[in-house]
Every structure is written in structure tokens, then in C-alpha cells.
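A.B. asks: Quick note: the sequence shown uses the working numbering, first residue 160, plus one each step.
Glycine included, every Cβ here is placed at the ideal spot set by N, Cα and C.
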Amino acid sequence: MSVTVIPVRLGARSHEILVGEGLLPSAWIHRLRDVSLSTRFFVVADRKLARLARAAARFLGARCAGLALLPGGEATKDLPVIRWLWAEAARRCLDRRTVVVVIGGGVLGDAVGFFSATYLRGLRVVQAPTTLMAQVDSAIGGKTGINLPVGKNLVGAFHQPSLVIADPGVLATLPTREFRAGLAEVVKYGVIADAALFLRLERHAAAVLARDPSELRRIIVRCAAIKARVISLDEREMRGLRATLNFGHTIGHALEAATRYGALMHGEAVALGIVAATGLSQRFAGLPARDAERIVALIARLGLPVRLPSSARRPLDKILAALRLDKKATGGRPRFVLAQKIGRVITDVPVPLAAIRAALRELDCAPRRPRPAFRG
Ligand SMILES: NC(=O)c1ccc[n+]([C@@H]2O[C@H](COP(=O)([O-])OP(=O)(O)OC[C@H]3O[C@@H](n4cnc5c(N)ncnc54)[C@H](O)[C@@H]3O)[C@@H](O)[C@H]2O)c1
Ligand SMILES: [Zn+2]
Numbered sequence: 160m161s162v163t164v165i166p167v168r169l170g171a172r173s174h175e176i177l178v179g180e181g182l183l184p185s186a187w188i189h190r191l192r193d194v195s196l197s198t199r200f201f202v203v204a205d206r207k208l209a210r211l212a213r214a215a216a217r218f219l220g221a222r223c224a225g226l227a228l229l230p231g232g233e234a235t236k237d238l239p240v241i242r243w244l245w246a247e248a249a250r251r252c253l254d255r256r257t258v259v260v261v262i263g264g265g266v267l268g269d270a271v272g273f274f275s276a277t278y279l280r281g282l283r284v285v286q287a288p289t290t291l292m293a294q295v296d297s298a299i300g301g302k303t304g305i306n307l308p309v310g311k312n313l314v315g316a317f318h319q320p321s322l323v324i325a326d327p328g329v330l331a332t333l334p335t336r337e338f339r340a341g342l343a344e345v346v347k348y349g350v351i352a353d354a355a356l357f358l359r360l361e362r363h364a365a366a367v368l369a370r371d372p373s374e375l376r377r378i379i380v381r382c383a384a385i386k387a388r389v390i391s392l393d394e395r396e397m398r399g400l401r402a403t404l405n406f407g408h409t410i411g412h413a414l415e416a417a418t419r420y421g422a423l424m425h426g427e428a429v430a431l432g433i434v435a436a437t438g439l440s441q442r443f444a445g446l447p448a449r450d451a452e453r454i455v456a457l458i459a460r461l462g463l464p465v466r467l468p469s470s471a472r473r474p475l476d477k478i479l480a481a482l483r484l485d486k487k488a489t490g491g492r493p494r495f496v497l498a499q500k501i502g503r504v505i506t507d508v509p510v511p512l513a514a515i516r517a518a519l520r521e522l523d524c525a526p527r528r529p530r531p532a533f534r535g
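#1: Specify, as a first and last residue, the run of the alpha helix (DSSP H) that residue 175 falls within.
#2: Count the other C-beta atoms from every protein chain shown that fall within 10 angstroms of the C-beta of residue 309, then say buried if there are 16 or more, exposed otherwise.
#3: Return yes when the C-beta of residue 344 is under 7 Å from any heavy atom of ligand 2, and no when it is not.
#4: I want to check one thing, is the minimum distance from the CB of residue 329 to the heavy atoms of ligand 1 below 7 Å?
#5: Take residue 413 and list the residues in its own chain whose beta-carbon comes closer than 6 Å to its own, dropping the five residues that flank it on each side.
#6: Count Cβ pairs between the region 241 to 258 and the region 288 to 297 that sit closer than 8 Å; are there 3 or more?
#7: Tell me the residue span of the beta strand (DSSP E) that contains residue 252.
#8: By Cβ distance below 8 Å, which residues in the same chain neighbour residue 330 in space, the five residues on each side in sequence not counted?
#9: In whole angstroms, what separates the C-alpha of residue 186 from that of residue 427?
#10: Any heavy atom of ligand 2 closer than 7 Å to the beta-carbon of residue 434?
#11: Starting from the C-beta of residue 522, find all residues in its chain whose C-beta is less than 7 Å away, skip the five residues before and the five after it, and write them out in chain order.
#12: Answer yes or no: do residue 306 and residue 237 have a C-beta to C-beta separation smaller than 8 Å?
#13: Have a look at residue 360 and residue 161 and give me their C-alpha separation to the nearest angstrom.
#14: Measuring CA to CA, which of 445, 222, 315, 505 is closest to residue 405?
#15: Quick one: does the C-beta of residue 425 sit closer than 7 Å to a heavy atom of ligand 1?
#16: Rounded to the nearest angstrom, what separates residue 181 and residue 208 at their Cα positions?
#17: Give the straight-line distance between the Cα atoms of residue 188 and residue 260, rounded to the nearest whole angstrom.
#18: Based on Cα-Cα distance, which residue from 459, 510, 299 lies nearest to residue 443?
#19: Taking 8 Å as the threshold (C-beta atoms), are residue 463 and residue 333 in contact?
#20: Looking at the strands, I want to know which residues DSSP matches up with residue 324.
#21: Heavy atom of ligand 2 less than 7 Å from the Cβ of residue 295, yes or no?
#22: Between 455, 498, 438, which lies nearest to residue 519 when the distance is taken from Cα to Cα?
#23: Identify, in the order they occur along the chain, each residue of the same chain with its Cβ nearer than 7 Å to the Cβ of residue 194, setting aside the five sequence neighbours on each side.
#24: Where residue 534 and residue 447 are concerned, what is the direct C-alpha to C-alpha distance, given to the nearest angstrom?
#25: Taking only heavy atoms of ligand 3 into account, decide whether any of them is closer than 7 Å to the Cβ of residue 405.
#26: Just how far apart, CA to CA, sit residue 472 and residue 388?
#27: Pull up the distance between the alpha-carbon of residue 408 and that of residue 456, whole angstroms please.
#28: Taking the alpha-carbon positions, what's the residue 421 to residue 415 distance?
#29: To the nearest angstrom, how far is it from the Cα of residue 197 to the Cα of residue 222?
#30: Which of helix, strand or coil does DSSP assign to residue 492?
#31: Exposed or buried, which one is residue 383 when buried takes at least 16 other CB atoms within 10 Å?
#32: Based on Cα-Cα distance, which residue from 364, 265, 423, 385 lies nearest to residue 168?
#33: Could you tell me which residues DSSP pairs with residue 505 in its beta bridges?
#34: Would you say the beta carbon of residue 508 is closer than 7 Å to some non-hydrogen atom of ligand 2?
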């Protein structure tokens with residue numbers, strides 16, 4: 160089995176990201192540093208991956224301190240789930256040396272990561288992401304957390320994993336819509352940092368959509384390497400570099416919030432956010448028209464939305480209000496990450512409200528007035 164090892168350099172919190180088919184359920188364990196034969200593992204997995212999780216638990220044998228299964232989906236990022244995990248941890252006598260292993264998508268990664276950050280003031284955690292979204296993005300970087308009724312990800316902690324295991328083989332069972340949602344983040348990486356990755360996506364879109372294993376692996380390695388580099392240089396988003404990862408997310412988050420996280424998946428909202436940010440980039444960052452056309456065309460080619468589906472249309476003011484509440488808005492003024500060309504972005508660009516309105520209108524955000532009935 161060939162495994163690509165991507166280092167995340169963070170001093171004492173340094174760790175590796177492994178990418179390789181067949182790493183799960185057990186091949187990863189030899190790469191985990193600082194574990195002894197007495198180390199115990201608490202496996203928490205998405206219910207849909209129960210078979211894989213049971214195989215991991217069987218492999219760990221007596222070292223498995225327990226196996227817990229949780230549903231995927233946003234509702235799991237909630238305090239009662241964390242409280243239940245805390246109680247399970249106490250019941251199973253987990254101690255400071257216990258390593259938590261999370262097998263699941265971004266939801267499990269965020270929620271169980273937060274549990275790991277808080278129980279006994281922090282247990283080590285191994286992230287085994289099972290969605291494309293999680294393999295290229297959410298399992299890397301140490302952001303963990305849960306939602307509050309008033310907003311997403313409002314409670315959380317930075318807690319770096321001890322190891323990330325991305326096995327592209329597990330993506331085979333991912334529903335099409337989930338898979339495509341992850342591709343929005345991949346397009347994002349191309350635009351912010353890697354013109355060659357972007358070109359590869361354009362040239363090999365069919366193979367990507369068919370989930371060709373070698374194509375997937377290449378993409379995951381590239382994206383993970385970009386995020387690892389960003390995190391190594393700007394772990395806590397203090398220098399503006401980590402903020403580049405928010406390309407497409409300012410409007411994306413607002414669309415998610417305005418539709419109450421129901422009508423759009425995160426990746427779909429990001430795809431629309433990228434389309435809007437591309438238009439704004441032409442006006443405010445000098446993005447050439449040809450690059451803008453390529454970005455929108457690639458999003459469409461990958462089966463992602465470039466216009467808001469009618470089920471997700473909301474009054475413009477509602478979306479603008481959500482934009483002002485964004486965690487990253489300063490004094491109610493949203494700041495944008497904009498592209499200068501494919502492969503390079505600038506951050507912290509103030510954009511006039513009128514231009515944001517126009518960009519939203521281009522996405523077909525507002526519900527259309529019903530046409531008057533034809534009277535002959
Ligand atoms: N921490 C970060 O830096 C960061 C970054 C981006 C997104 N996120 C978070 O990630 C979450 C979204 O992640 P997601 O899209 O992976 O959601 P998810 O974890 O809910 O997974 C999506 C769906 O796929 C199912 N699933 C997971 N793996 C599967 C597999 N291999 N086969 C079949 N089905 C599978 C899940 O049960 C779920 O129904 C959001 O809560 C978002 O806030 C966090
Ligand atoms: Zn995202």
C-alpha cells in the first residue's frame with residue numbers, strides 16, 4: 160500500500176496527515192507516535208460507517224476502551240451529544256492517555272473533536288475523515304466545535320489532532336450530492352493557491368466525478384498539503400493567511416444562515432459563494448474575465464449550483480442581514496477574500512453594499528414575483 164505523508168509543522172503539536180487507500184481500519188496505527196501497548200482507544204464513528212468502526216475496534220482488541228456510534232448530519236453538533244460522550248467517557252474510565260479515534264464526516268470530526276478537546280482538559284484525537292469535505296478540509300487544522308440555535312460553530316476549541324488518516328477508498332459509498340459538495344472546497348483550493356490543481360480539475364473533471372481512485376488521491380493530497388501549509392504558518396487566523404481559506408465562504412455562510420441550514424449543503428453554498436466572489440473579484444481585485452469564466456464553468460461542470468435553486472431563494476435583505484452577523488465581519492461590514500487570478504487571492508477587501516446586492520441578484524437570490532396570468 161502506498162501512503163503519502165503530509166507533515167503539519169506546529170512545534171509540539173506537529174503531526175502527520177496520511178493519504179492512502181486501505182489505511183482504514185488498521186494500517187494507520189503504526190504511524191501514531193507516542194503510543195505504548197497500554198494506550199487505550201475510544202472509537203467514535205458515524206453510524207453509516209459502523210462496519211468499518213467495528214473492524215477497527217476488533218483490530219484494537221483489548222486496547223479498545225469502547226465504540227460509540229452517532230448519526231451524521233448537523234443535529235449531532237449539539238451539546239446533548241457532547242454531554243452524552245462525556246458521560247460515556249466517565250463510564251468507560253477513559254484517562255489522559257486514552258486516544259479518541261473519530262471515523263466520520265465533518266460533523267463527527269467537529270463534535271467528537273470538541274469532546275476530545277474538553278474531556279479531562281484534552282484527550283489526543285485521531286481524525287479519520289470519511290467525506291470528501293472532511294478529507295480535504297474539516298479534519299485538518301484543529302477547529303472543533305458545536306452549533307448554538309443562534310448560529311453555527313459558535314462554541315468550540317482549537318484542538319489539533321495527533322494524526323489524520325484520509326483513506327480515499329471510504330468515499331465510494333458517499334452519496335453523489337455529498338461528494339459534489341466536497342468538490343466545492345477543492346475548487347476553492349485551486350483558486351486560492353494552486354493554478355495547476357485548477358487546470359487538472361478542468362481537464363479531468365469526468366474522472367473526478369467518476370471517483371477515479373488515483374485522481375481522488377491526487378486531489379486529496381494537494382488540498383491537504385495546501386491546508387497543512389496554511390495551518391503551519393497561521394494556525395489561529397492571526398496573519399490573514401488562514402483567512403484565504405474563506406474564499407467563497409462570506410456569501411456562502413450568509414446563504415446557509417438565511418436558508419436556516421436546510422435548503423443548501425455547505426459545499427453548495429460555498430459553490431454559490433465562489434460564483435459571487437468571482438464576480439466581485441472582477442470588479443475589485445482585477446480578476447481577468449477569462450479566469451472568471453473558467454471558475455464559473457468548472458463549478459457547473461462539477462455538478463455544483465451556479466444559481467440559487469428556487470427552493471433556497473430568500474429576500475435579499477435577509478441574506479444581507481446574515482452577512483452582517485458573520486463571525487468574520489468587522490463592525491457589521493463584511494470583508495471579502497477576492498481572487499486576482501486563478502491561484503492567487505487577497506484578503507480583507509471591503510466591498511460596497513451595492514456591489515454585494517448586485518452579486519446576490521446575479522445568483523438569483525430573491526424570490527421571483529409570480530408572472531401575471533395571461534389574459535387573452
Ligand atoms: N473544522 C473545520 O475546519 C471545518 C471545515 C469545513 C466544514 N466543517 C464542518 O463540517 C460539517 C460538514 O461536514 P460533512 O459534509 O462531512 O457532513 P457530515 O459529517 O454530516 O457527512 C455528510 C453525510 O454523509 C454521511 N457519511 C459520512 N461518511 C460517509 C461515507 N463514507 N459513506 C456514506 N455516507 C457517509 C453522514 O452520515 C452524513 O449523512 C459542517 O458541520 C461544517 O461546519 C468544519
Ligand atoms: Zn467550507
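C.D. replies: Short version:
#1: As a first step, residue 175 must be located in the sequence shown, where it is residue number 16. Per DSSP, residue 175 belongs to no alpha helix (DSSP H); it is in the beta strand (DSSP E), 174 to 178.
#2: On the sequence shown, residue 309 is found 150 positions in, with the first residue counted as 1. The residue in question, residue 309, is exposed, as its Cβ has fewer than 16 Cβ neighbours within 10 Å.
#3: Position 185 of the sequence shown, counted from the first residue, corresponds to residue 344. Checking every heavy atom of ligand 2 against the Cβ of residue 344, one is found closer than 7 Å.
#4: The count along the sequence shown starts at 1 and reaches residue 329 at position 170. Distances taken from the Cβ of residue 329 to the heavy atoms of ligand 1 include one shorter than 7 Å.
#5: As a first step, residue 413 is located in the sequence shown; it is residue number 254 there, counting from the start. Apart from the 5 residues on each side of it in sequence, residue 413 sits with its Cβ closer than 6 Å to the Cβ of 478, 481, 482 in its chain, given in chain order.
#6: These segments do not touch.
#7: In the sequence shown, the residue the question calls residue 252 occupies position 93. Unbroken run through residue 252: none, as it is neither H nor E.
#8: Start at 1 with the first residue of the sequence shown, and residue 330 comes out as number 171. Counting only Cβ-Cβ distances below 8 Å, and skipping sequence neighbours, we find 289, 290, 291, 294, 338, 370, 375.
#9: For this step, residue 186 is matched to residue 27 along the sequence shown. For this step, residue 427 is matched to residue 268 along the sequence shown. The C-alpha of residue 186 lies about 33 Å from the C-alpha of residue 427.
#10: Within the sequence shown, the letter at position 275 stands for residue 434. The answer is no for residue 434.
#11: As a working mapping, residue 522 is identified with position 363 in the sequence shown. Once the five neighbours on either side are set aside, the close Cβ partners of residue 522 are 431, 434, 435, 466, 467.
#12: Within the sequence shown, numbered from 1, the residue matching residue 306 stands at position 147. Within the sequence shown, numbered from 1, the residue matching residue 237 stands at position 78. A Cβ-Cβ contact shorter than 8 Å links residue 306 with residue 237.
#13: The sequence position of residue 360 within the sequence shown is 201, counting from 1. The sequence position of residue 161 within the sequence shown is 2, counting from 1. Residue 360 and residue 161: Cα-Cα distance of roughly 23 Å.
#14: On the sequence shown, position 246 is the one that residue 405 refers to. Ranking 445, 222, 315, 505 by CA distance to the CA of residue 405 puts 505 first.
#15: Position 266 of the sequence shown, counted from the start, is the residue given in the question as residue 425. At least one heavy atom of ligand 1 is nearer than 7 Å to the Cβ of residue 425, so yes.
#16: Counting from one through the sequence shown, the residue named residue 181 turns up at place 22. Counting from one through the sequence shown, the residue named residue 208 turns up at place 49. Distance between the alpha carbons of residue 181 and residue 208 is about 15 Å.
#17: Counted from its first residue, the sequence shown places residue 188 at position 29. Counted from its first residue, the sequence shown places residue 260 at position 101. For residue 188 and residue 260, the distance between alpha carbons rounds to 11 Å.
#18: Translated into the one-based positions of the sequence shown, residue 443 becomes position 284. Residue 443 has its Cα closest to that of 510, out of 459, 510, 299.
#19: Walking along the sequence shown from the start, residue 333 turns up at place 174. Walking along the sequence shown from the start, residue 463 turns up at place 304. Residue 333 is not a Cβ neighbour of residue 463, given a cutoff of 8 Å.
#20: Here residue 324 refers to the residue found at position 165 when the sequence shown is read from its first residue. BP columns for residue 324 point to 177.
#21: The residue given as residue 295 occupies position 136 in the sequence shown. Outside the cutoff, so no.
#22: By one-based count along the sequence shown, residue 519 stands at place 360. The candidate whose alpha carbon is nearest that of residue 519 is 438.
#23: Taking the sequence shown and counting its residues from 1, one reaches residue 194 at position 35. Taken in chain order, the residues that qualify are 258.
#24: Numbered from its first residue, the sequence shown carries residue 534 at position 375. Numbered from its first residue, the sequence shown carries residue 447 at position 288. Interpretation of residue 534 is limited by its pLDDT of 49, a score under 50 that renders its predicted location unreliable; the figure taken from the coordinates is listed afterwards. A straight line joining the alpha-carbon of residue 534 with that of residue 447 spans about 46 Å.
#25: Absent from the structure shown: ligand 3. Ligands present: ligand 1 and ligand 2.
#26: In the sequence shown, the residue the question calls residue 472 occupies position 313. In the sequence shown, the residue the question calls residue 388 occupies position 229. Roughly 37 Å separates the two Cα atoms.
#27: Along the sequence shown, one-based indexing puts residue 408 at 249. Along the sequence shown, one-based indexing puts residue 456 at 297. Cα to Cα, the separation comes out at about 19 Å.
#28: Counted from its first residue, the sequence shown places residue 421 at position 262. Counted from its first residue, the sequence shown places residue 415 at position 256. Distance between the alpha carbons of residue 421 and residue 415 is about 8 Å.
#29: Here residue 197 corresponds to residue number 38 of the sequence shown, with the count starting at 1. Here residue 222 corresponds to residue number 63 of the sequence shown, with the count starting at 1. Looking at the two C-alpha atoms, the distance is approximately 7 Å.
#30: For this step, residue 492 is matched to residue 333 along the sequence shown. Note: residue 492 maps to strand in three-state DSSP.
#31: Position 224 of the sequence shown, counting from 1, holds the residue named residue 383. When all chains shown are included, residue 383 counts as buried.
#32: Translated into positions along the sequence shown, residue 168 becomes position 9. Among 364, 265, 423, 385, the Cα nearest to that of residue 168 belongs to 385.
#33: Position 346 of the sequence shown holds residue 505. As a beta-bridge residue in DSSP terms, residue 505 pairs with 497.
#34: Looking up residue 508 in the sequence shown gives position 349. Outside the cutoff, so no.
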